[in-house]
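Asker: Okay, handing you the structure first.
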Amino acid sequence: MTKNGKDQRKSNRVPVSIRIDYSTVDQFFWDFARNINEGGLFVESNHPLPVGTTVQLKFYLPNRDAPLNSTGEVVWV
945 MTKNGKDQRK SNRVPVSIRI DYSTVDQFFW DFARNINEGG LFVESNHPLP VGTTVQLKFY
1005 LPNRDAPLNS TGEVVWV
């Protein structure tokens, strides 16, 4: 959000509750994504990682046998 309270996202967030397994070089976590859009997702976590941290992600989507794998970067805490 900007100082005037306007959201500058290019696409709307969609509320979700999707399990996400994510790991760094030496740590493993799992939490739930709470919203997602074309540019990223919000993972609700009690284990905040530093901005700039690269993470390996596994998404567990409904009606899908295998998780989706991806790489991401922490951009906001």
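The numbering of the sequence shown is my numbering, which starts it at 945 and goes up by one. Glycine residues also receive a C-beta, built at the ideal position from the N, C-alpha and C atoms. All of these numbers come straight from a predicted model, not from anything done at the bench.
Roughly how many angstroms separate the alpha carbons of Pro959 and Asp975, rounded to a whole number?
Answerer: On the sequence shown, residue 959 is found 15 positions in, with the first residue counted as 1. On the sequence shown, residue 975 is found 31 positions in, with the first residue counted as 1. One C-alpha to the other measures close to 15 Å.
Asker: Measure the C-alpha to C-alpha separation of Arg957 and Thr968 and round it to an integer number of angstroms.
Answerer: On the sequence shown, position 13 is the one that residue 957 refers to. On the sequence shown, position 24 is the one that residue 968 refers to. Rounded to whole angstroms, Arg957 to Thr968 spans 25 Å at the Cα level.
Asker: Helix, strand or coil: how does DSSP classify Val987 here?
Answerer: The residue you call residue 987 lines up with position 43 of the sequence shown. Residue state, collapsed to three classes: strand.
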